[in-house]
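Encoded as structure tokens, the structure appears first; notes follow it.
Chains as they are written, first to last, in the numbering used here: chain A, 1 to 800; chain B, 1001 to 1357.
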């Protein structure tokens, strides 16, 4: 909303500097986002062109004599529209104006143009910063006072308001005036709306009925006969342009002016185009057609409210008029409408038809019904003033059963104290109510019965009035205290604690956290996991772009994309993880949001250095990270080989605790890498699902286990076995044996001296008893047994 | 080597042996020579051993005094021997170590720590400030019902304030035709969910992701975090809201920070405010300050007293309980703290950006 101070001053005295006023409004909740100064010119005056003659040396230039009242100066002018007798904006030598050639502000100097000295410049809008029009000079109204500084005549300050949706009142200049008055201790001067009525009463000339009172609480109308349509007077055009609206003709301009002044949108119909002089406010018939003012034919539904004549819709109530009944140059008689339409319905119509207008901007927020006749009378008076004609006596006023009584809200000292934590003197509250234009009467010792003025639609409950009080006295006057009640008992959800713990572990393990968008494409998901065609991921119905359409069911897709994006910046190491949610659709319910942690490792294993080799991160790095995390969490996991289409064949394991799947670890399938443009020999990923991890964590507090009191015995075994035997099987079998404390794989060998199709595993085996030192015989007995088992189960033999 | 002496030992003789042995030992620089020395003085036929053996030729009184002297000399020489061996060994270690020098100006073996995303860091910082004031941390669903995102927060269908939250809707057909699913536009739906699930007193903060149907630019992201706060109970006032947020501002931005409230509007609070802190970059002085754009103040959060309709909708007695709520954008706070000029850096995940925090 643009509020020119020149307009605001019509209703309220302003003796504060514009910036101070803007600050006070902003602090009170009417945010002024910009204070725009129009003008600020020096040495620019209203000039009078007394004569124009051709330039002797140039066809397109002319020599003009400009009078400033006190002197006459000759200037060269190239504008096609300059003419003798015009009032113009004249920049004298020394004026600082915009130079269209150098494209900056410069001080104007006397200069010879084609041999003739020009002692100033007749300005276009561009040179004065008033607009973009450089096709000709600005021609001022004839009554512009010659010689007056242009700043006095055209200068203004415009407050640009950024309003919250509740403060509808400040979409109008009068509403802002009321606010300014309250903040500065002034009184508002409401505009006059006096006019003479004559001839046949309106009630005999038009028949108005409201068939859908639920959508139209009040409908008022007046009738002007014999008006003359034409351009508006300059003052009216100026008001509109400065507030950002385009002048059209005198009648339409008045309706727009009064809308900006009072907030009430009005509509004018050509009375003679209304069939049977009958107006019916009703719901549209399903499929009913209406060509609106913008020339678009629209198909309506029963949810749309129309203004209709005896036959057809002639306007979309509170949204836009119909083209058929539009005011045109030939219009003589005008039916003026000022109504109160239902906000929610108005908004729905505007949205479904894609028609947000200045009118819907106001109606959708719920205008007060008291406003309709006030604005109607004001607009009638103004049309009468600027377009002539006569006004038919009386107005039509159709009011629904809801009536038009102003809301009355109680305000008590007790409520103020309960909400703000401080007392506010009742007399002070009364003063605030007065300043804001609220009417009050005392109710008991410490209460007020407050009647809300017609321009405020946002005051409905006591809390609203408390806000009026506190925003007026200032939030600084409220004390600063801490909550005095006891702290509620609360424990964070275990999965949140776990997530934070894992994030810290991963970061400490040298892995960088990233956060990706959870919306991806279906292809991205398909590339990394098998999708169930019957339960596809959830889709956003109005995506911002096609690459952000589906809610992810795995973190891997976007992690790999992030890896690809970063690979351009070096050879790694790339170690990244994300902790976030994946979304699994559920029938008839919100999706299951599974907390997941995934990581990706690729590129060099070590930072490039003179010390380190250039080996690459691989499956075992990823698995090492998973083992570190699970070990720290006390989860005993197993890793089972699995073939998954997103993973390299034979390089993927499902992580389990008992039968529960905790996650996956593997290397990305080369085909997927190719498709994603991943530039590495291998990319290792892991993914952990936090709920099952949480379930697999030891439920009781870790208990101290006494340190061994007796020495352990070690035996190193080199075992030869078929190469497809899994290492985990070997260690499992060893650990199952009596007195074996742990087994450590320390070497794997295949090649020379080992038969084809076989491999050799070297293992430290530690024997330990809790209650004694094991004798050699005991250790050897156990070792023999375990070697027999290995041979029997895995065909593993001691290496010769 | 001294020949074994047949003469009976005297105190003087013992002293001489000890002195010459000590002097000889101190000049020895290798272990072989030291061993030779040991044999010649303390060996089976060594000089001192021979003296000791000759003690038997003395009378009882002499034997006692001279014997004690001889034993003392023997112990002293043994100690000296041990010291000399240690000395020679350590000198050898030092010599050999001095051959193994490093170029200490070479770079060390690199080990890069991973870092938490700046959003994670700032969310943790914000939450812990409130945890210290007795708030618990809870989280809620990112995919939400329209009911919780709007209706329960006093934003019914057709309410013009809905324009404040451009929404990404989820393609979902409810069999009953009543429930619409969306990506939550703010963390505020958790206000209703928390209040529905427990009785006052309530004191929680809710961090989490939010989504808006909005074009991105340097200060807007369609995907961002919020931290919501809610305190409901008996006797909770706007003054408490001020105190709590004042404390928060001090913890995050420094003890000298001033705060300022301005009237603002959110349908689920009344009165509603936004809170600014005085600019920590220019100390409120302006002068071309990029952070506060010369206003001297930086808006950091929205807040207010919980609207009685919100209390009613969750079934609380609005005449008994009051409460306050607040919400803030952690990215904005991180941008202010770290001087980040474009919010789009956060989720572009360029490692060169992320590694700076």
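Beta carbons are placed, not taken as given, at the ideal position from N, Cα and C, and that holds for glycine.
When you compare only the Cα positions, how much space is there between residue i and residue j?
i: residue 46 of chain A; j: residue 233 of chain A; result: 19 Å
i: residue 1295 of chain B; j: residue 34 of chain A; result: 12 Å
i: residue 1001 of chain B; j: residue 1040 of chain B; result: Annotation note: pLDDT 43 at residue 1001 of chain B (below 50); position unreliable, coordinate value reported separately. Cα to Cα, residue 1001 of chain B sits roughly 6 Å from residue 1040 of chain B.
i: residue 188 of chain A; j: residue 21 of chain A; result: 16 Å
i: residue 419 of chain A; j: residue 481 of chain A; result: 13 Å
i: residue 470 of chain A; j: residue 421 of chain A; result: 11 Å
i: residue 692 of chain A; j: residue 564 of chain A; result: 30 Å
i: residue 1077 of chain B; j: residue 1016 of chain B; result: 13 Å
i: residue 285 of chain A; j: residue 317 of chain A; result: 14 Å
i: residue 799 of chain A; j: residue 793 of chain A; result: 17 Å
i: residue 1149 of chain B; j: residue 1163 of chain B; result: 13 Å
i: residue 601 of chain A; j: residue 515 of chain A; result: 16 Å
i: residue 1049 of chain B; j: residue 1091 of chain B; result: 30 Å
i: residue 1338 of chain B; j: residue 1278 of chain B; result: 16 Å
i: residue 784 of chain A; j: residue 726 of chain A; result: 21 Å
i: residue 1213 of chain B; j: residue 344 of chain A; result: 22 Å
i: residue 750 of chain A; j: residue 797 of chain A; result: 14 Å
i: residue 1 of chain A; j: residue 672 of chain A; result: 54 Å
i: residue 730 of chain A; j: residue 1131 of chain B; result: 50 Å
Can you name, in chain order, every residue of its own chain whose Cβ lies under 6 Å from the Cβ of residue i, other than the five neighbours on each side?
i: residue 579 of chain A; result: 499, 503 and 597
i: residue 1268 of chain B; result: 1153, 1154, 1307 and 1310
i: residue 1251 of chain B; result: 1129
Between which residues of its own chain and residue i is the CB-CB distance below 7 Å, once the five residues before and five after are set aside?
i: residue 811 of chain A; result: Residue 811 of chain A cannot be examined here, being either before or after the span of chain A that is shown, 1 to 800.
i: residue 656 of chain A; result: 637, 638, 640 and 662
i: residue 341 of chain A; result: 215, 216, 305, 317, 318 and 363
i: residue 605 of chain A; result: 573, 615, 616, 617 and 621
Going by DSSP, name the residue or residues bridged to residue i.
i: residue 1229 of chain B; result: B/1205 and B/1326
i: residue 1014 of chain B; result: In the DSSP output, where bridge partners are listed per residue, residue 1014 of chain B has none listed.
i: residue 121 of chain A; result: A/91
i: residue 512 of chain A; result: A/576
i: residue 825 of chain A; result: Examination of residue 825 of chain A is not possible in this model, given that chain A is present from 1 through 800 alone.
i: residue 551 of chain A; result: A/519
i: residue 55 of chain A; result: A/58
i: residue 805 of chain A; result: Given a span of 1 to 800 for chain A in the structure shown, any question on residue 805 of chain A remains unanswerable.
Between residue i and the rest of its own chain, which residues show a CB-CB distance below 8 Å, the 5 nearest in sequence each way excluded?
i: residue 223 of chain A; result: 202, 205, 206, 271, 333, 334, 335, 336, 391 and 392
i: residue 1003 of chain B; result: Bear in mind that a pLDDT of 49 at residue 1003 of chain B, under 50, signals an unreliable position, so the number given afterwards is only what the model happens to contain. Result list for residue 1003 of chain B: empty, nothing under 8 Å.
i: residue 1218 of chain B; result: 1341, 1342, 1343 and 1344
Report yes if the C-beta of residue i is less than 7 Å from at least one heavy atom of the ligand MN; otherwise report no.
i: residue 745 of chain A; result: Summarising the ligand content, the structure contains no ligands, and the ligand MN is consequently not present.
Contact the stretch 1009-1023 of chain B vs the stretch 773-788 of chain A: 3+ CB pairs below 8 Å = no
Three or more C-beta pairs closer than 8 Å, one from the stretch 430-437 of chain A and one from the stretch 1198-1215 of chain B: is that the case here?
-> no
Anything in the stretch 1221-1253 of chain B with a Cβ closer than 8 Å to a Cβ of chain A? List those residues in chain order, please.
-> 1222, 1223, 1231, 1233, 1234, 1235, 1236, 1237, 1238, 1239, 1240, 1242, 1243, 1244, 1246 and 1247
Would you check if the stretch 291-306 of chain A and the stretch 381-397 of chain A touch, i.e. whether three or more CB-CB distances between them fall below 8 Å?
-> The stretch 381-397 of chain A, when compared against the stretch 291-306 of chain A, does not touch it at the 8 Å Cβ threshold.
If contact means a Cβ-Cβ distance below 9 Å, which residues of the stretch 1143-1155 of chain B contact chain A?
-> 1143, 1144 and 1145
Taking a Cβ distance cut-off of 9 Å, strictly less, list which residues of the stretch 1160-1171 of chain B are near chain A, in chain order.
-> 1160, 1161, 1162, 1163, 1164, 1167, 1168, 1169, 1170 and 1171
The stretch 1259-1276 of chain B: positions lying closer than 7 Å to chain A by Cβ = 1261, 1262, 1263, 1264, 1265, 1270, 1271 and 1273
Does the pairing of the stretch 37-55 of chain A with the stretch 135-151 of chain A give three or more beta-carbon distances under 8 Å?
-> yes
With a cut-off of 8 Å, do at least 3 Cβ pairs link the stretch 1165-1174 of chain B to the stretch 537-545 of chain A?
-> yes
Validate contact between the stretch 157-166 of chain A and the stretch 116-134 of chain A using beta carbons, cut 8 Å, 3 pairs = Contact between the stretch 157-166 of chain A and the stretch 116-134 of chain A is absent: fewer than 3 CB-CB pairs across the two stretches fall below 8 Å.
Pair every Cβ in the stretch 129-141 of chain A with every Cβ in the stretch 56-74 of chain A, then say whether three or more of these pairs are closer than 8 Å.
-> no
Residues of the stretch 467-490 of chain A whose Cβ lies closer than 8 Å to any Cβ of chain B, in chain order | 467, 470, 471, 475, 476, 478, 479, 480, 481, 482, 483, 484, 485, 486, 487, 488 and 490
Going along the chain, which residues of the stretch 607-622 of chain A sit with their C-beta nearer than 9 Å to a C-beta in chain B?
-> 607, 608, 609, 610, 611 and 612
What residues in the stretch 442-468 of chain A bring their beta carbon closer than 7 Å to a beta carbon of chain B?
-> Within the stretch 442-468 of chain A, 461, 463, 464, 466 and 467 place their CB atoms closer than 7 Å to a CB of chain B, listed in sequence order.
In chain order, what residues of the stretch 498-523 of chain A put their CB closer than 9 Å to some CB of chain B?
-> 500, 503, 504, 506, 507, 508, 509, 510, 511, 512, 513, 514, 515, 516, 517, 518 and 519
Decide yes or no for the touch test of the stretch 549-563 of chain A against the stretch 577-592 of chain A: beta carbon pairs closer than 8 Å, at least 3 of them.
-> Taking a contact to require three or more Cβ pairs closer than 8 Å, the stretch 549-563 of chain A and the stretch 577-592 of chain A qualify as touching.
Contact between the stretch 1107-1120 of chain B and the stretch 1321-1340 of chain B (3+ Cβ pairs under 8 Å) = yes
Chain A contacts made by the stretch 1332-1347 of chain B, where a contact means CB separation under 8 Å = 1346 and 1347
Cβ-based contacts, 7 Å cut-off: residues of the stretch 409-424 of chain A near chain B | 418, 419, 420, 421 and 422
Chain A contacts made by the stretch 1196-1208 of chain B, where a contact means CB separation under 7 Å = Within the stretch 1196-1208 of chain B, the qualifying residues are 1201, 1202 and 1203.
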